[in-house]
Amino acid sequence: MTTEETTETRGVRLTAGDAELTVSPENGCRIGSLRIGGTELLRQGPRFGSFPMVPWCGRTALGRFRNGGRTHQLPVNSPPHAIHGTGRNVAWSPVGTGQSSAAFTYDLADPWPYEGRVTQTFELSPDSLTVTMSVETEGDSFPAQAGWHPWFLRNLGEGGADAEIAFDAAWQEERGEDHLPTGRRIAPRPGPWDDCFGMPQGVDVTLTWPGRLELKVTSRTEWVVVYDEQAEAVCVEPQSGPPNGLNLMPRLVTPIDPLEISMTWSWRALA
1 MTTEETTETR GVRLTAGDAE LTVSPENGCR IGSLRIGGTE LLRQGPRFGS FPMVPWCGRT
61 ALGRFRNGGR THQLPVNSPP HAIHGTGRNV AWSPVGTGQS SAAFTYDLAD PWPYEGRVTQ
121 TFELSPDSLT VTMSVETEGD SFPAQAGWHP WFLRNLGEGG ADAEIAFDAA WQEERGEDHL
181 PTGRRIAPRP GPWDDCFGMP QGVDVTLTWP GRLELKVTSR TEWVVVYDEQ AEAVCVEPQS
241 GPPNGLNLMP RLVTPIDPLE ISMTWSWRAL A
């Protein structure tokens with residue numbers, strides 16, 4: 001493990017074989033870079049890479065959610081909704097680093113109305129990356145979500161073809177005009193997508209850059225958002241519940257039942 005300065009933030013660099021991962025704890029503990037054999041897989045820039053979504057994923061309707069008899073208002077950072085949680089906007093603290101692994105934490109605070117701690121760990125091998133995130137309460141129980149929002153480059157350069165996305169979902173969450181799930185499940189539709197899909201046997205999505213690389217995104221969770229409406233990148237986002245999940249499908253974090261989610265990216269060269 002090494003620590004390196006960049007123009008955007010300080011990064012923690014992990015290596016395994018020809019895989020190089022840079023985590024930026026000061027910039028929301030996002031993955032700033034993943035290079036395989038020297039080839040960058042993630043869109044670069046302080047807002048991109050791959051960031052954690054916590055303590056909620058995607059949009060929360062009008063920034064409001066209930067916990068028991070209390071209604072809470074979150075900042076509306078994607079009007080008229082609150083989007084992608086608060087974890088991507090704060091600095092995380094390192095709690096352990098090695099050559100190919102690292103762990104970081106941050107404490108939930110205003111504008112999130114409950115006390116708790118989030119831990120994120122990274123385990124890099126020559127042909128895979130496993131990331132795990134947990135949410136624990138330090139007081140009252142509260143609903144929460146966790147997941148990731150990676151920006152994979154659509155094209156790896158050098159004249160190669162664009163990435164192809166392949167997956168077999170059991171259903172698609174119908175999306176309303178407000179970009180929120182209506183609560184109705186429909187048969188999966190062809191892209192382009194900014195949509196949530198259900199995979200009861202676990203998330204399993206394959207990105208293929210023809211002739212270059214195949215990367216699989218897997219997770220035991222059954223929810224994934226696929227977003228491919230931008231020219232530069234495609235996003236495959238495992239998460240612990242659907243968008244607006246704080247309201248549609250609240251998952252309580254209690255003193256004896258923390259929320260935990262993992263995802264694995266595994267890759268193989270095609271050349």
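Sequential numbering from 1 applies to the sequence shown in my numbering. Glycine residues also receive a C-beta, built at the ideal position from the N, C-alpha and C atoms.
Neighbourhood of residue i by C-beta, 8 Å cutoff - its chain only, sequence neighbours within 5 removed
i       : result
Pro-111 : Leu-74, Pro-75 and Thr-86
Pro-94  : Val-12, Pro-25, Ala-102, Ala-103 and Phe-104
Ser-128 : Thr-264, Trp-265, Ser-266 and Trp-267
Phe-152 : Leu-41, Leu-42, Arg-43, Ala-163, Leu-207, Leu-215, Ala-233, Val-234, Cys-235 and Val-236
His-72  : Arg-64, Phe-65, Arg-66 and Pro-113
Chain-order list of residues whose beta-carbon lies under 7 Å from that of residue i (same chain, five-residue window excluded)
i       : result
Asp-140 : Tyr-114
Gly-17  : Pro-126
Ala-169 : Pro-188, Phe-197, Gly-198 and Met-199
Ala-61  : His-81, Leu-180, Asn-244 and Asn-247
His-149 : Ser-50, Phe-51, Met-53, His-84, Cys-235 and Glu-237
Gly-183 : Leu-248
Thr-39  : Leu-156
Gly-147 : Met-53, Cys-57, Glu-237, Pro-238, Gln-239, Ser-240 and Ile-261
Residue i: first and last residue of the uninterrupted beta strand (DSSP E) it sits in
i       : result
Leu-124 : 116-125
Asn-67  : 64-67
Gly-183 : 181-186
Gly-96  : 93-97
Arg-35  : 30-36
Pro-52  : 50-53
Glu-174 : 171-175
Thr-254 : That residue, Thr-254, is in no beta strand (DSSP E); it is neither H nor E in DSSP.
Spatial neighbours of residue i in its chain, beta-carbon cut-off 6 Å, leaving aside the 5 residues before and after
i       : result
Glu-20  : Arg-35
Thr-22  : Gly-11, Arg-13, Gly-32 and Ser-33
Thr-119 : Thr-105 and Ser-134
Bridge partners - residue i, DSSP secondary structure assignment
i       : result
Glu-214 : Thr-208 and Arg-268
Trp-151 : Its beta-bridge partners do not exist; DSSP assigns none.
His-81  : Ser-78
Glu-260 : Ser-134
Arg-195 : Checking the sequence shown, residue 195 turns out to be Asp, not Arg. Answer is Val-226, bridged to Asp-195.
Asp-107 : Arg-117
Val-203 : Ser-219
Segment limits, alpha helix (DSSP H) that includes residue i
i       : result
Leu-248 : 245-248
Exposed unless 16 or more other CB atoms sit within 10 angstroms - verdict on residue i
i       : result
Leu-252 : exposed
Asp-257 : exposed
Thr-97  : buried
Ala-269 : exposed
Gly-202 : exposed
Glu-138 : exposed
Are the stretch 167-182 and the stretch 236-243 in contact at 8 Å, needing three or more beta carbon pairs? yes
Given 8 Å, three or more beta-carbon pairs between the stretch 217-231 and the stretch 130-137: no
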